[in-house]
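In the working numbering, the protein residues as written are 12 to 161. Backbone N, C-alpha and C fix where the C-beta goes; we use that ideal spot for every residue, glycine too. Read the structure below first, then the notes.
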């Protein structure tokens, strides 16, 4: 899959999603045991197409590489790749890529009556109360995260 870098700042690197090609990889449909090993016959391979599995709205989907640790308690770590869908309506509890006062950030959206909060998932960061003085654009909702372990 070819990706094109669209933008970069201190928090995120943005890439476009190209779904013109299929990315079929071996897939263990029955799951891999995280407890006791299962017999080998339980692991018959199928194929998984990443584009078809992770991208439901190709024209409104993009990727961003995470820089920083403000969302670590949500399982989003430095170096991870987020799959972001711009076509989804934001709702309470969603993890979103936001453009706040000229800066990109990824936070959990919390809505209390008529107040919107952008909440980090790391206790070292204070919640951000969005007021009438702020410019807030929800760029998209995080729908998947591709983890980086090394």
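If you pair each beta-carbon of the segment 114 to 126 with each one of the segment 67 to 74, do three or more pairs fall below 8 angstroms? no
Taking the DSSP output, what are the residues bridged to residue 115? 110
Do residue 111 and residue 77 have their CB atoms nearer than 8 angstroms? no
Does the beta-carbon of residue 116 have 16 or more other beta-carbons within 10 angstroms, so that it is buried, or is it exposed? Buried: at least 16 other Cβ atoms inside 10 Å.
Got a sec, what are the start and stop residues for the alpha helix (DSSP H) residue 62 sits in? 61 to 65
Just to confirm before moving on: does the CB-CB distance between residue 91 and residue 142 stay below 8 angstroms? no
Residue 152 and residue 84 - do their beta-carbons sit closer together than 8 angstroms? no
Determine the closest residue to residue 125 out of 140, 105, 99, with distance taken between C-alpha atoms. 140
Take residue 104 and list the residues in its own chain whose beta-carbon comes closer than 8 angstroms to its own, dropping the five residues that flank it on each side. 119, 120, 121
For residue 109 versus residue 157, is the C-beta distance shorter than 8 angstroms? no
Go to residue 129, then tell me how far its beta strand (DSSP E) extends in each direction, as first and last residue. 126 to 130
Cβ-based burial, residue 81 [other Cβ within 10 Å; buried from 16]: buried
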